[in-house]
Every structure is written in structure tokens, then in C-alpha cells.
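In this note's numbering, the protein residues as written are 499 to 962.
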């Protein structure tokens, strides 16, 4: 993670209006986007584009500056998330076409009962999500989520929510994930202690926001399983195709996980080191490189194991990209909207409003991160902002309290994901839900994770 870039993003780069004007512009902008999409049925890409520029102008930015800000955010998101989504789609298509996904799905379905399958998905989501950004884990897991839902006959939401909860909790609470690692570094927290406490809080948080909440979410929202990653078994052709072995398939999925985890551990042990081993791990563990290596692995191992020739592998790769074109544009527009909000200075305004408050420092850490997250849609910006504000306070606290502060910030950075969050649109488009349905499922799940994480932090603060 480029911490310097994240810190710079928090600072407004253009003049903006008064505090009231900023808050009104952001609030009205979000409302307009929701109305355009849900009532007028405007495509989310267009609605986000209109809303982003409108918010910028309404907040006091020059029209050209608002357009420039939106373009910068769009490009930045596409350069990061866009490439990952593309690689992930290629990997997922090869996983499906080779029969590798069938191997995993059949193993999960056959070894898990109807009652335990959501718990299995939560465990897998947590393990896969530990070292990587949420978007990376999502694009790796979405083929498995869809195929498990299709093959088991269970509700898509019942299967997806536990896996998403596992991913999201790791994203906010457990170093060496890049998010919490930023706060660990900024507050000079003990990494090992933070990891131990983070896991302790993460386990009940995943249980509550994942398998337990998914029971209710599945009743509230019923959507068909998307027609993505259709496998030979789904078409009744299972007997006519070879499959990669279970070990080869799992190894392919875990390959980018291991590479990114190795990078995080190396950075934590020897931060800033330029020795050959660290430099190599830093390169191989870059999300784009790690997923690119996984795609090459899939082309060779999945292709050969599934009896695919070069033409079949090439066709699978080509067929993987058209279905994600709309997703990429929507996610990019969400990133552009987020950047406009950041550049207006709304995040800084919120942080300044609560700075110097007399409330508990742990609760304050959560509130700052949550408010910035809601305003900007960025967990990274929320984490960096809250950690920066509370760094002077952390210097006078004990090791345990500092670790708890890191986790309070991480929990707050996940609160209330909505239309200004690129992750919101990724989940919506992959699962095929509407905006209201995504708010009922994904957004509520994120709030549960955030509030449960905060409760765990405050409870441990009393006990420890």
C-alpha cells in the first residue's frame, strides 16, 4: 500500500466552500445518485458521473476542477481495481472452464451440511481475505460463491454474505492486512499484539455479521444466481471433461494469497529494507503481479488439468472480459465520485469537527474513522485520517490501548458502505442485486461488522 499517496489524498487539493456548503453538497449528491438509479432507472455509471461533478460544483469547486477530480479518481481506481477485476475475471473463467471450480464446489457441498455450508464460506472468506485488499479477495472468491450457491441450491445471499463478512473483517481488523497495517505504523502499535487482539475480535464479528446475519438477509432479499461461470457440470457435460486435481486447484487460489501475505510479513519484519529477498517479495506480492502470476498458473495448470488446448484457453480468457465491462465502468465512476468528495475537503471538515472532543479515545477513534468513511467511501482515507488525528494521543497510551485504538479505527473504517464506495458497486454488480437490495444486505453487513468490532474493542478495554 502506498501510505504517502493515501495520506496526501486526505488533504483537499482545491478550494472548497463553507463547512455547511460541503456537508449539504455531499448529502444532496448522494441522494441525487440514489434517486437517479432507483427511481429514474438511470444507469449507475451515468448517475455516479452526474452526481460526482454536481457535488464538486455544489461544494464550491470550479467546474473544470470537479471534472478533473472525477477523472483522476476514475483513472486511479481503474489503474488499481480495474486491472485486478480484469485479472480476477480471467482467473475465475479458467477456474470454471477447466473444471477446477467444480472440484472445490463439490468438495464444499459434499462435506458440508445445509447448516454448516455458510460457516464454511465464512472461514474461506477470512482465510483468503487476510493478506489482500477486499476487491482482490472478492474477484477470487466470486466464482466459488456463485457455483456453491448454484450447486447447493441455497440462497445466493445465504452463501455470499458469510464469505463477504470474512473478507471484510480481515480488511478492517487483522494485520498484516494493508488497512490495519497503516494504523499500526502511524500509531506505532505492536504488530504481534494487534494481530492477536484483532483475531480475537474478528472471530465473533465474522460469526455475527456472516452466518448469523445471512439468515435474515436471505429472507429480505431473494435474487437468482447470476449466469456467470457456467461450468461443464452445470451443462450436464461433467463426464466429458477432465478436471484439475483438488490440490492443484486450491494451490492456484492460494497462490496470490501466499505471495501477498509473504510481502506483508516481510514488510512488517524489515520495514523499508532493500535487500534482494525483500525487494523480490515486495514485487511478487504486489496485488497486480500476484494475480497476474495466478492467471499464468491457471492457463498452464488449470488448462492442462482440464484437458484444454491453447485455443480453448485463449477463448476462455477472451470470453471472461466482456461480462465485466459494465462493472469496470461503474466501479471507476464510484472511484471518481469518491475522489471528488475527498478533494472538496469534506473528510478534513469532519475530522476537525470531532478533534479535541472529551469522549473516550477509542470511541473517538471509531467515530472519526466512521464519519470519514461515510463521507468519502474510502476505508484507507478513513484509517489514515483517524490515525493521524489520534497519533499524539496514542503516544501516551500503553501498548494494549494503542492496539485497541488501531482496531477501533479499523472497525470505524468499515461503517456504512454506500454509493460512494467502489466496493458497494462491485458487490452489487457481481451478485446482481438492486441498489435497495445491496443496502439491505451488504451495507447492513458492513454496519454490523463495524459496530460489533467496536463492541469487542470496548469490552476488551474493560477486561484487559
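We put the CB at the ideal spot given by N, CA and C, even for glycine.
- Taken in chain order, the complete alpha helix (DSSP H) segments of 4 or more residues contained in the stretch 641-725 are 654-671, 676-685, 689-705 and 711-718.
- Judged by their CB atoms, residue 588 and residue 756 are not nearer to each other than the 9 Å cut-off.
- Going by DSSP, residue 959 is part of the alpha helix (DSSP H) stretching over 942-961.
- Sequence-distant Cβ neighbours of residue 696 in its own chain, meaning closer than 6 Å and more than five residues away, are 671, 672 and 905.
- Measuring C-alpha to C-alpha distances from residue 689 to each of 643, 707 and 766 identifies 766 as the nearest.
- Annotated as distal: residue 933 and residue 546, with beta-carbon spacing of 9 Å or more.
- Residue 557 has its alpha-carbon roughly 48 Å from the corresponding atom of residue 599.
- DSSP places residue 897 in the uninterrupted alpha helix (DSSP H) bounded by 897-910.
- Within a 10 Å sphere around the beta-carbon of residue 516 sit fewer than 16 other beta-carbons, which makes this residue exposed.
- With contacts defined by Cβ atoms closer than 9 Å, residue 874 and residue 880 form a contacting pair.
- Looking at the backbone, the Cα of residue 527 and that of residue 544 are separated by about 13 Å.
- DSSP, read as helix, strand or coil, puts residue 614 in coil.
- In its chain, beyond the 5 residues on either side, 517, 520 and 521 have a beta carbon closer than 8 Å to the beta carbon of residue 847.
- In the structure shown, residue 571 falls within a helical segment according to DSSP collapsed to helix, strand and coil.
- A straight line joining the alpha-carbon of residue 782 with that of residue 821 spans about 28 Å.
- Taking a 10 Å sphere around the C-beta of residue 960, we find fewer than 16 other C-beta atoms and assign the residue as exposed.
- Excluding residues up to 5 positions away in sequence, 623, 624, 626, 627, 632, 635, 636 and 639 lie with their Cβ nearer than 8 Å to the Cβ of residue 665 in the same chain.
- A Cβ-Cβ separation of about 6 Å places residue 572 in contact with residue 831 under the 8 Å criterion.
- A contact is defined here as three or more CB-CB pairs under 8 Å, and the stretch 643-655 fails this definition with respect to the stretch 881-901.
- Spanning the alpha carbons of residue 604 and residue 657 requires a straight line of approximately 15 Å.
- Taking residue 563 as reference, the option from 842, 946 and 953 with the minimal CA-CA separation is 842.
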